[in-house]
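Per the UniProt record's numbering, numbering through the sequence shown is continuous, rising by one, with the last residue being 435. C-beta atoms are modelled at their ideal positions from N, C-alpha and C, and glycine is treated no differently. Just so it is clear, the structure is predicted and the values come from calculations on it, not from any experiment.
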Amino acid sequence: MNIIDYNDKISEIKMDDIIFQGSDIDDYNFLEINWQLLKGCNYKCSYCFGQELLSKDFIPLEKLKLAVDKIFQIEKEYYTFTLLGGEPTYHPDFLELIKYIYSFTNKNISILVVSNASRNVEYFEKLLQCVGNNKFDMMFSVHFEYADIEHVKEIIFLFNKYKKNIRIHFMLHPNYQEKIKSYFDKIIELKKDYNFIFELIELSEPPNFNKIDSRYTKDFFEWIDNSKKIIDDIAKNSDFNLFPNSYFLDKNGNNMHIRHTLSVRNNLNVFKGFYCCAGVSLISIEPNGNYRGAVCSEFPIVGNIYDNEDINWIKLINIKKCNLDRCGCITNDRCNKYRNINNAKIYILECRKKYLNLFVLSLLNRFDEDMENINKDIKSLDSKTMVLDSKIFHVNHCIDIIINTIAWWIPFKNWRESFRGKFKVRPDQTRPDQT
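If you want it as structure tokens, here you go:
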């Protein structure tokens with residue numbers, strides 16, 4: 001597929017001409033688990049939807065492990081766990097959860113942690129030690145109401161030491177322009193010697209967070225766009241993408257890639273009336289365990305992943321006609337959106353068919369594995385039975401020796417035979433008969 005970068009000619013795109021928006025990878029073979037571990041955060045950023053305090057009410061580790069087990073029952077080639085909050089690193093079992101996810105060595109797994117990285121460097125060193133050689137990324141959101149440039153540098157140094165990907169996101173608060181510009185120059189200088197991904201993130205406006213903050217000025221937008229070009233010119237991007245590239249398809253057959261923030265700024269995230277397909281490559285888990293096929297309240301809750309029931313993949317893979325004015329979440333770029341309902345239905349039916357085929361194949365594979373394990377158990381049982389028979393024979397032989405030894409001292413033959421007969425022991429031929 002030939003996808004053209006339209007970031008510099010975005011004015012040529014008309015939303016009325018768009019007939020599709022979605023991911024440019026084979027969605028079916030990929031699953032992103034967008035997992036909100038907790039609501040609470042140690043920061044209270046003025047522009048953030050999450051304003052809950054950290055509490056001691058956490059989902060216990062055993063339930064988190066149960067959720068992971070259920071997720072891996074969905075047959076995919078690749079799994080990306082996006083762990084976020086609140087601030088996910090404040091969950092007391094966060095490191096244990098990381099270890100448990102990676103314990104499934106037969107799965108192709110990557111983990112992305114979305115964090116404000118406010119915990120000390122020692123904590124993140126422990127985290128990276130848990131990660132080991134597995135695929136791992138962290139998205140470090142720098143919030144200028146709290147930011148400390150020295151701590152930002154220390155985190156970058158640490159991730160370079162462990163050769164792990166880190167993405168530095170400057171959250172561009174309109175009221176902190178001077179601080180942002182000062183930090184930008186320092187990070188650009190650091191980029192010459194250290195490997196990390198650097199991005200400038202435009203804030204969304206509450207309460208719906210689906211359009212750009214209205215406090216941005218034309219001058220600030222100009223600085224942002226020029227700064228992004230500087231980043232693009234010197235960036236040494238990671239080989240592993242945290243998000244798949246999304247693209248737009250117009251009615252003339254043009255495939256166009258647009259940076260997410262630019263599409264939001266230019267009102268190209270208006271999919272009202274489109275048919276959105278959820279649950280094919282995405283499952284969104286809320287802090288209480290409720291899950292659905294997109295990071296969108298328009299889709300109904302399918303179930304609770306912390307309950308005892310398996311994930312209902314039939315309901316997870318679904319279509320919903322969009323009634324929202326805008327789609328502001330970058331994660332939902334993964335969900336294919338069609339202007340024509342028939343195209344959406346064909347896509348969903350094909351995905352369900354593929355999953356059903358894989359599900360049946362998985363059941364057959366599990367049956368074969370179970371039968372193989374049963375055969376191994378039978379062979380093991382046969383072997384153990386033979387060992388037990390040998391031990392029983394040895395014990396009986398020892399008992400015979402003991403009884404014959406005792407009988408040896410009985411002076412009369414008929415008494416000896418009577419004594420042996422009580423234990424059904426054959427005579428010991430080493431003692432001459434005595435009468």
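Name the DSSP bridge partner or partners of residue i?
i: ALA344; result: DSSP lists no partner for ALA344.
i: LEU97; result: Partner(s): none; LEU97 has no beta bridge.
i: VAL113; result: LEU83 and MET138
i: ASP250; result: ILE18
i: LEU282; result: GLU32
i: CYS276; result: LYS320 and LYS337
i: TYR78; result: PHE30
Taking the continuous beta strand (DSSP E) assigned at residue i, which residues delimit it?
i: LEU64; result: That residue, LEU64, is in no beta strand (DSSP E); its alpha helix (DSSP H) goes 61–71.
i: LYS321; result: 318–321
i: ASP225; result: Element bounds for ASP225: not the beta strand (DSSP E) but the alpha helix (DSSP H), 218–234.
i: residue 438; result: Because residue 438 is not part of the residues shown, which for the chain are 1 to 435, the question remains open.
i: ARG292; result: 290–292
i: SER46; result: Run containing SER46: none; DSSP gives neither H nor E here.
i: MET256; result: 255–257
Which stretch, first to last residue, makes up the alpha helix (DSSP H) that contains residue i?
i: TYR123; result: 121–131
i: TYR183; result: 177–191
i: ILE156; result: 149–161
i: HIS260; result: 260–265
Go ahead and pull the three-state DSSP assignment for residue i.
i: PHE20; result: strand
i: ASP8; result: helix
i: HIS169; result: strand
i: LYS337; result: strand
i: GLU199; result: strand
i: HIS143; result: strand
i: ILE305; result: coil
i: ILE406; result: helix
i: ILE330; result: helix
i: ASN297; result: One detail in the question is off: residue 297 reads as Ser in this sequence, not Asn. Residue state, collapsed to three classes: coil.
i: VAL360; result: helix
i: ILE401; result: helix
i: ILE392; result: helix
i: SER204; result: strand
Below 6 angstroms CB to CB, which residues in the same chain sit around residue i once its five sequence neighbours on both sides are set aside?
i: ASP90; result: The question names Asp, but residue 90 in the sequence shown is Tyr. For TYR90, where only same-chain residues beyond five positions count, the Cβ hits under 6 angstroms are LEU54.
i: TYR146; result: TYR43
i: LEU38; result: GLY85, GLY86, HIS91 and PRO287
i: GLU52; result: LYS39 and GLY40
i: GLY289; result: ASN304, ILE305 and TYR306
What residues in its chain sit with their C-beta under 8 angstroms from that of residue i, if we drop five residues either side in the sequence?
i: ILE4; result: ASN254, ASN255, MET256 and HIS257
i: CYS322; result: PHE271, LYS272, GLY273, PHE274, TYR275, CYS276, GLU298 and LYS337
Write down the C-beta distance between residue i and residue j rounded to the nearest angstrom, noting that I regard them as a contact closer than 8 angstroms.
i: ASP213; j: PRO174; result: 6 angstroms
i: TYR306; j: LYS63; result: 4 angstroms
i: ARG334; j: GLU32; result: 6 angstroms
i: ASN165; j: ASP137; result: 4 angstroms
i: VAL121; j: GLU154; result: 5 angstroms
i: ASN34; j: SER284; result: 5 angstroms
Is there a Cβ of chain D sitting closer than 9 angstroms to that of residue i, yes or no?
i: GLY40; result: Protein chains in the displayed structure number just one, and chain D is not present.
Comparing the CB of residue i with every heavy atom of the ligand FMN, is any distance shorter than 8 angstroms?
i: GLU189; result: With respect to the ligand FMN, the structure shown offers nothing to examine, as it has no ligands at all.
What does a CB cutoff of less than 7 angstroms around residue i pick up in its chain, not counting 5 residues either side in sequence?
i: PHE49; result: PRO206 and PHE209
i: ASN266; result: ILE10
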